[in-house]
Amino acid sequence: MKVLIMAAGVGSRISRHLQDRPKCCVDVGGKPLIRYTFDLLNKKGITDIAIVTGYQESYIIQALDGLKYTRYFNPFFRITNSIASTWRAQDFLSGMDDIIIMNGDVFIEEEVLGALLEDTRSPVMLADSSRIKEADYRFQWEGDLLTKYGKELSDEETSGEYVGIGKIRGKELWEFKQRVIDCINKEDYNCWWEDAIYRGVGEGKKIFVKDVSGLFWAEVDYIEDYFRIQSFVENRAAKS
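What follows is the structure, encoded as structure tokens:
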């Protein structure tokens, strides 16, 4: 198992609160979020980790001091979305190892990662059925298969909120990589790495959804998200 982390973006919706730091460097329990994520992955025995940096990467490099990882840099982070970051890391998408791809500004408790590692379906995307009215990027699924996706879905169409993490089995990684390359060749720089998976829905591909409702996660898009993370970490520390 290997992991590719996307951490190149500016995070314009919360940037005024972060003093020019990347979102993945917010403090959680006394350490930067990105280091928390690395520690969690290492705890599960995952050490083959790559990260794509861009905006203020020096903070990320400092946060990961002493840790082993492969770094890719997206110099076009202000004018492209994460599909370009994925393309920059395309050599990491080689081989037959299963891969987790995640956005670097996502905080997850250990049980969320455990649930994803145990799931043998592919590709599988994490979602939370308990978050509908407050959902940002929305999924609709039937059974366990993704049927619709996007921010524009109504509450009635929404089954839950996308978490920001997915997993692809090694045997399907080549196809994903080719979809990423196709997006770049078509100059579709504004799409996300997830679009290379989602677009399979319209082609009859099975995209599985793992519902992690009841487990804690948060993506640092707004300051309120960060406050939720702080509250969770503090409450957990108080109980330990």
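By the working numbering, the letter at position 153 of the sequence shown is numbered 156, and the numbering carries on one by one without gaps.
All C-beta atoms, glycine included, are put in the ideal place defined by N, C-alpha and C.
Exposure of Phe24, with buried meaning 16 or more beta-carbon neighbours within 10 Å: Reading off the sequence, residue 24 comes out as Arg, not Phe. Its Cβ being crowded by 16 or more others within 10 Å, Arg24 is buried.
Whole-angstrom C-beta distance between Ile210 and Leu116, which should lie under 8 angstroms: Not really, about 20 angstroms apart at Cβ, beyond 8 angstroms.
C-beta contact flag for Leu119 and Lys213 at 8 angstroms: Cβ atoms of Leu119 and Lys213: closer than 8 angstroms.
Proximity below 8 angstroms, CB of Phe95 to CB of Leu36: Note that the C-beta distance between Phe95 and Leu36 is not below 8 angstroms.
Three-pair Cβ contact test at 8 angstroms for the region 137-148 versus the region 72-90: Remark: fewer than three beta-carbon pairs, one from each stretch, lie closer than 8 angstroms, so the region 137-148 and the region 72-90 are not flagged as touching.
The beta strand (DSSP E) enclosing Asn106, as first and last residue numbers: Asn106 -> beta strand (DSSP E) spans Ile102 to Asn106.
Sub-8 angstroms separation of Val127 and Lys170 beta-carbons: The Cβ atoms of Val127 and Lys170 lie closer than 8 angstroms to each other.
Residue nearest to Val31 in terms of C-alpha spacing, selected from Trp196, Phe235 and Ala241: Of the listed residues, the one whose Cα sits closest to Val31 is Phe235.
8 angstroms Cβ shell around Gln93 - same chain, five flanking residues per side excluded: Counting only Cβ-Cβ distances below 8 angstroms, and skipping sequence neighbours, we find Lys180, Val183 and Ile184.
Status (buried if at least 16 other CB within 10 Å, exposed otherwise) for Gly217: Exposed, since its Cβ has fewer than 16 Cβ neighbours within 10 Å.
Glu222, enclosing beta strand (DSSP E) - first and last residue: Membership of Glu222 in the beta strand (DSSP E) is indicated by the continuous run Trp220 to Glu222.
Local Cβ density within 10 Å of Arg38, reported as buried at 16 or more and exposed below that: Arg38 counts as buried, since no fewer than 16 other beta carbons sit within 10 angstroms of its beta carbon.
Proximal residues to Ala53 (C-beta, below 8 angstroms), its chain only, five neighbours per side dropped: Closer than 8 angstroms at Cβ, skipping near neighbours: Lys5, Val6, Leu7, Ile8, Tyr72, Thr73, Arg74, Tyr75, Ala92 and Phe95.
Beta-carbon spacing of Gly163, Arg134 below 8 angstroms: Cβ distance < 8 angstroms, so Gly163 and Arg134 count as in contact.
Residues that Gln143 bridges to, as DSSP identifies them: Lys151.
Tyr58 vs Gly107 beta-carbon contact at 8 angstroms: No, the Cβ-Cβ distance between Tyr58 and Gly107 is not below 8 angstroms.
CA nearest to the CA of Met105, picked from Gly207, Asn45, Val55 and Cys194: Distance check between Met105 and each of Gly207, Asn45, Val55 and Cys194 places Val55 closest, using alpha-carbon atoms only.
Beta-bridge pairing of Ile86 - partner residues as DSSP gives them: Checking the DSSP bridge columns, you'll see Ile86 has no partner listed.
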